[in-house]
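Residue numbers (our numbering), protein chains in the order written: chain A, 549 to 757; chain B, 549 to 757; chain C, 549 to 757; chain D, 549 to 757. Backbone N, C-alpha and C fix where the C-beta goes; we use that ideal spot for every residue, glycine too. Have a look at the structure below before the remarks.
Number of protein chains: 4
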Amino acid sequence: MGIAERRQREKDARIKHIQNCAAAVFYKKGYGETTMDEIAKTAELSKAAIYLYFKSKEDLYYSIIEPALSRLARRLIRIASDRREPAEATVRKIISATNELYEKDYDAYHLLSRYSAAEYVKLLPKAKLEHLKELMRSNLRQMEAAVRKGIAQGIFEAVDARLISVILWNCFMGVIQYQENRMEPGKTDYRKKTIDATVELILKGLRKL
Amino acid sequence: MGIAERRQREKDARIKHIQNCAAAVFYKKGYGETTMDEIAKTAELSKAAIYLYFKSKEDLYYSIIEPALSRLARRLIRIASDRREPAEATVRKIISATNELYEKDYDAYHLLSRYSAAEYVKLLPKAKLEHLKELMRSNLRQMEAAVRKGIAQGIFEAVDARLISVILWNCFMGVIQYQENRMEPGKTDYRKKTIDATVELILKGLRKL
Amino acid sequence: MGIAERRQREKDARIKHIQNCAAAVFYKKGYGETTMDEIAKTAELSKAAIYLYFKSKEDLYYSIIEPALSRLARRLIRIASDRREPAEATVRKIISATNELYEKDYDAYHLLSRYSAAEYVKLLPKAKLEHLKELMRSNLRQMEAAVRKGIAQGIFEAVDARLISVILWNCFMGVIQYQENRMEPGKTDYRKKTIDATVELILKGLRKL
Amino acid sequence: MGIAERRQREKDARIKHIQNCAAAVFYKKGYGETTMDEIAKTAELSKAAIYLYFKSKEDLYYSIIEPALSRLARRLIRIASDRREPAEATVRKIISATNELYEKDYDAYHLLSRYSAAEYVKLLPKAKLEHLKELMRSNLRQMEAAVRKGIAQGIFEAVDARLISVILWNCFMGVIQYQENRMEPGKTDYRKKTIDATVELILKGLRKL
DNA sequence: AATGAATGAGATTTCATTCAT
DNA sequence: AATGAATGAAATCTCATTCAT
Numbered sequence: 549m550g551i552a553e554r555r556q557r558e559k560d561a562r563i564k565h566i567q568n569c570a571a572a573v574f575y576k577k578g579y580g581e582t583t584m585d586e587i588a589k590t591a592e593l594s595k596a597a598i599y600l601y602f603k604s605k606e607d608l609y610y611s612i613i614e615p616a617l618s619r620l621a622r623r624l625i626r627i628a629s630d631r632r633e634p635a636e637a638t639v640r641k642i643i644s645a646t647n648e649l650y651e652k653d654y655d656a657y658h659l660l661s662r663y664s665a666a667e668y669v670k671l672l673p674k675a676k677l678e679h680l681k682e683l684m685r686s687n688l689r690q691m692e693a694a695v696r697k698g699i700a701q702g703i704f705e706a707v708d709a710r711l712i713s714v715i716l717w718n719c720f721m722g723v724i725q726y727q728e729n730r731m732e733p734g735k736t737d738y739r740k741k742t743i744d745a746t747v748e749l750i751l752k753g754l755r756k757l
Numbered sequence: 549m550g551i552a553e554r555r556q557r558e559k560d561a562r563i564k565h566i567q568n569c570a571a572a573v574f575y576k577k578g579y580g581e582t583t584m585d586e587i588a589k590t591a592e593l594s595k596a597a598i599y600l601y602f603k604s605k606e607d608l609y610y611s612i613i614e615p616a617l618s619r620l621a622r623r624l625i626r627i628a629s630d631r632r633e634p635a636e637a638t639v640r641k642i643i644s645a646t647n648e649l650y651e652k653d654y655d656a657y658h659l660l661s662r663y664s665a666a667e668y669v670k671l672l673p674k675a676k677l678e679h680l681k682e683l684m685r686s687n688l689r690q691m692e693a694a695v696r697k698g699i700a701q702g703i704f705e706a707v708d709a710r711l712i713s714v715i716l717w718n719c720f721m722g723v724i725q726y727q728e729n730r731m732e733p734g735k736t737d738y739r740k741k742t743i744d745a746t747v748e749l750i751l752k753g754l755r756k757l
Numbered sequence: 549m550g551i552a553e554r555r556q557r558e559k560d561a562r563i564k565h566i567q568n569c570a571a572a573v574f575y576k577k578g579y580g581e582t583t584m585d586e587i588a589k590t591a592e593l594s595k596a597a598i599y600l601y602f603k604s605k606e607d608l609y610y611s612i613i614e615p616a617l618s619r620l621a622r623r624l625i626r627i628a629s630d631r632r633e634p635a636e637a638t639v640r641k642i643i644s645a646t647n648e649l650y651e652k653d654y655d656a657y658h659l660l661s662r663y664s665a666a667e668y669v670k671l672l673p674k675a676k677l678e679h680l681k682e683l684m685r686s687n688l689r690q691m692e693a694a695v696r697k698g699i700a701q702g703i704f705e706a707v708d709a710r711l712i713s714v715i716l717w718n719c720f721m722g723v724i725q726y727q728e729n730r731m732e733p734g735k736t737d738y739r740k741k742t743i744d745a746t747v748e749l750i751l752k753g754l755r756k757l
Numbered sequence: 549m550g551i552a553e554r555r556q557r558e559k560d561a562r563i564k565h566i567q568n569c570a571a572a573v574f575y576k577k578g579y580g581e582t583t584m585d586e587i588a589k590t591a592e593l594s595k596a597a598i599y600l601y602f603k604s605k606e607d608l609y610y611s612i613i614e615p616a617l618s619r620l621a622r623r624l625i626r627i628a629s630d631r632r633e634p635a636e637a638t639v640r641k642i643i644s645a646t647n648e649l650y651e652k653d654y655d656a657y658h659l660l661s662r663y664s665a666a667e668y669v670k671l672l673p674k675a676k677l678e679h680l681k682e683l684m685r686s687n688l689r690q691m692e693a694a695v696r697k698g699i700a701q702g703i704f705e706a707v708d709a710r711l712i713s714v715i716l717w718n719c720f721m722g723v724i725q726y727q728e729n730r731m732e733p734g735k736t737d738y739r740k741k742t743i744d745a746t747v748e749l750i751l752k753g754l755r756k757l
């Protein structure tokens with residue numbers, strides 16, 4: 549069995565390798581500007597080899613996005629399910645978990661931070677698109693639940709929970725985008741620090757005085 | 549001279565028309581996925597006609613982005629230059645001015661809200677890219693100045709002004725992105741309300757207690 | 549209107565030109581072996597130009613086959629509808645009409661004579677394939693009707709009309725195939741003569757003694 | 549020696565197996581549309597394994613066609629060489645022998661019935677193509693000889709022997725094509741019955757009254 | 001000023017064939 | 001003997017751009 553297992557491991561590794569290379573290029577250029585040629589070159593494989601593992605450019609793209617987003621969604625659901633934990637801790641955990649994707653699944657995370665439903669409309673088949681959207685909505689719902697919990701716990705002011713969750717989520721994504729795209733390369737990555745500061749700022753704004 | 553003037557006005561109108569149509573498509577699909585064919589069809593003109601007014605796809609794109617961003621930058625500089633105005637008012641004005649672009653220059657605004665330096669690297673010639681980046685940086689500096697002023701005025705806590713300006717800016721952009729891309733179509737546009745709520749939340753977080 | 553009309557005429561001519569060139573290549577090589585490049589070269593156009601008029605290789609192919617077959621089907625229906633004409637004359641007319649396609653629509657005819665449902669299964673969308681098949685079946689039905697009429701008229705022996713119509717049709721197609729494919733090039737084209745002789749032979753075999 | 553022999557037998561069996569599978573696919577799809585992948589999958593072997601036994605796609609194809617056609621040619625020569633046998637019997641035997649290929653070498657037969665010189669021109673090297681053509685011509689000559697014999701025997705009318713042999717051959721091939729390609733799947737295979745009826749019809753037409 | 005027609009360059013995808021194991 | 005992996009070459013198709021009218 550050793551051989552078959554090793555084969556499978558190697559295959560998995562190659563798939564992961566291609567996905568990593570592809571994600572890097574997709575991220576740098578955007579889907580439309582990315583060519584299979586460049587992905588192949590980055591992965592040091594022939595174009596045809598890519599097609600051994602993914603049946604189309606779109607398939608490759610989706611194979612990067614979906615699992616990462618799916619994993620995150622599951623994780624957030626678990627985090628938000630703790631009804632007793634103080635709301636502030638839950639909010640921080642949600643943000644942390646999302647941010648952790650960064651270290652573990654750097655490339656998928658990158659793509660996610662660039663997620664733009666409009667662009668995908670023409671790109672992905674309807675079912676896949678809807679699936680991604682549902683995952684995004686689920687993430688938002690977990691944040692909303694956390695804010696609602698905070699109000700119920702008497703910690704937060706009686707704000708519009710949905711609105712606040714959108715704000716939190718957007719601030720988070722905004723920071724990522726900003727740090728990734730707008731800053732000069734070479735500069736220190738302030739992401740973690742900026743995100744933490746943002747969260748604390750907003751939590752402070754939410755607290756009952 | 550009346551005739552020449554009318555001609556010029558008509559020409560300007562046609563240029564604006566093309567830009568509006570193009571911006572709508574660029575926004576919906578992203579630069580790479582947008583075809584000149586679709587722009588032409590949207591503008592109800594022939595492709596060749598577009599080329600009478602813009603010398604390339606990139607040129608057309610830039611002609612939409614740059615003036616809007618440039619105008620905004622000038623406006624923010626003027627707003628931030630008032631050294632005496634209370635900082636909170638200045639922050640609100642900066643955000644408002646940015647948001648107002650929305651009503652006046654809907655499509656350019658859209659494109660701006662999607663601004664992604666990385667994508668532009670391959671798209672725009674270096675000089676143009678640098679120009680856009682400088683405009684963005686300028687906008688950020690105005691916000692930074694406003695926060696710094698608030699600290700000087702003793703209104704805000706002694707926070708990292710740069711960090712806070714980044715946060716504010718990102719939250720703003722994040723909200724826009726979210727509202728544009730992630731929500732189901734048909735839903736009410738919560739943008740203004742969300743942005744205002746975000747700003748107030750953050751201002752509250754900034755205030756000395 | 550002169551200009552618009554001329555334009556349309558020219559466009560029609562170009563479409564016909566492309567179809568003719570394509571049919572010649574399709575015929576010579578078969579669908580699979582034919583490349584758009586070769587069609588373009590034959591038509592003295594760029595590949596892209598072909599795609600201005602036909603949206604895919606398959607579309608181009610179908611646009612050649614279908615109208616010719618459709619026209620023939622209509623014609624055979626008209627011929628077979630004469631209930632009083634002696635059956636032998638009807639049979640001869642059906643064969644003649646089919647053969648005449650040769651002179652008028654040389655290339656489409658060629659493709660038809662090569663028609664092979666099996667090959668098309670993967671090629672054409674189901675609806676188109678079914679349409680072609682129905683046309684073929686219609687043609688066969690007309691021949692069957694003619695044979696049946698001959699029996700009713702007491703001219704032909706009481707044979708299996710369907711079987712005989714299949715035979716007649718096959719002989720006809722067989723002769724075409726043979727003459728087209730199996731003979732050395734440069735040899736005289738015996739098609740017409742061979743077909744006529746075949747029909748007479750079979751009619752003689754059918755007649756009541 | 550037993551071992552070596554068994555090895556050889558096994559090898560032959562594997563070769564035959566591949567040929568059978570390949571022939572089925574070639575027949576269903578045509579040469580151009582057939583992929584080595586599909587052949588391999590049908591044969592439940594790896595693509596590379598196919599190349600252990602055949603040095604190219606074309607080689608595999610030819611290896612199916614040629615022996616079958618060659619065997620048939622030899623058989624028809626033998627059949628036609630009987631100068632004394634009544635011509636009608638000889639004609640029937642020729643047709644039968646050809647038809648028998650069906651049961652014994654189903655797949656090669658299929659391919660033969662689709663034989664199209666034009667397609668092969670680009671496919672096969674000149675020598676191989678010429679060889680196939682010569683085999684086909686030989687078969688035709690045997691039929692021609694049989695018809696000529698019938699005239700000499702005073703059984704047939706003084707027809708153009710070559711023409712009639714072409715007709716007979718074509719009818720035969722036409723019936724096969726028809727039955728294979730044009731009929732709805734699932735229907736009874738009328739081939740044998742149709743062919744016999746065709747031959748009898750033509751013989752009747754040939755006979756002196 | 002405007003357009004229909006055309007195209008070169010390049011994109012995605014396929015496939016016969018080879019090679020290391 | 002057999003195979004999984006890999007690839008070069010070529011196929012279909014797209015698109016920004018130009019040109020004749």
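Please state whether DSSP places residue i in a helix, a strand or coil.
i: Arg696 (chain A); result: helix
i: Arg755 (chain A); result: strand
Please list, in chain order, the chain A residues whose beta carbon lies closer than 8 Å to that of residue i.
i: Ile750 (chain B); result: Leu749, Ile750 and Gly753
To the nearest angstrom, how far is it from the Cα of residue i to the Cα of residue j?
i: Ala745 (chain D); j: Tyr579 (chain D); result: 32 Å
i: Glu614 (chain D); j: Ala656 (chain D); result: 9 Å
i: Met721 (chain A); j: Asn718 (chain B); result: 8 Å
i: Glu678 (chain B); j: Ala570 (chain C); result: 51 Å
i: Glu757 (chain B); j: Leu716 (chain B); result: First, the amino acid is wrong: residue 757 (chain B) is Leu here, not Glu. So the alpha carbons of these two residues sit roughly 20 Å apart.
i: Arg619 (chain B); j: Arg562 (chain B); result: 21 Å
i: Asp653 (chain C); j: Asp607 (chain C); result: 18 Å
i: Leu531 (chain C); j: Glu748 (chain C); result: In the structure as shown, chain C begins at 549 and stops at 757. Residue 531 (chain C) is therefore absent and cannot be evaluated.
i: Val573 (chain A); j: Glu682 (chain A); result: 26 Å
i: Ala637 (chain D); j: Val723 (chain D); result: 20 Å
i: Ser763 (chain D); j: Asn568 (chain C); result: Because residue 763 (chain D) is not part of the residues shown, which for chain D are 549 to 757, the question remains open.
i: Arg739 (chain D); j: Ala596 (chain D); result: 38 Å
i: Met731 (chain B); j: Asn647 (chain B); result: Here the model assigns Met731 (chain B) a pLDDT of 47, short of 50, so the residue's position is not dependable and the matter cannot be decided.
i: Ile566 (chain D); j: Tyr575 (chain D); result: 14 Å
i: Ala693 (chain A); j: Val639 (chain A); result: 10 Å
i: Arg623 (chain D); j: Leu617 (chain D); result: 10 Å
Which residues of chain B have a Cβ atom closer than 8 Å to the Cβ of residue i, listed in chain order?
i: Leu617 (chain A); result: Near Leu617 (chain A) there are no residues of chain B at all, since even the closest Cβ is about 12 Å away, more than 8 Å.
i: Leu711 (chain A); result: Tyr738, Lys741, Thr742 and Ala745
Residues of chain A with a CB under 9 Å from the CB of residue i: which are they?
i: Val723 (chain B); result: Val714, Ile715, Asn718, Cys719 and Gly722
Length-filtered (3 minimum) beta strand (DSSP E) runs lying within the stretch 581 to 631 of chain D
Runs found: none.
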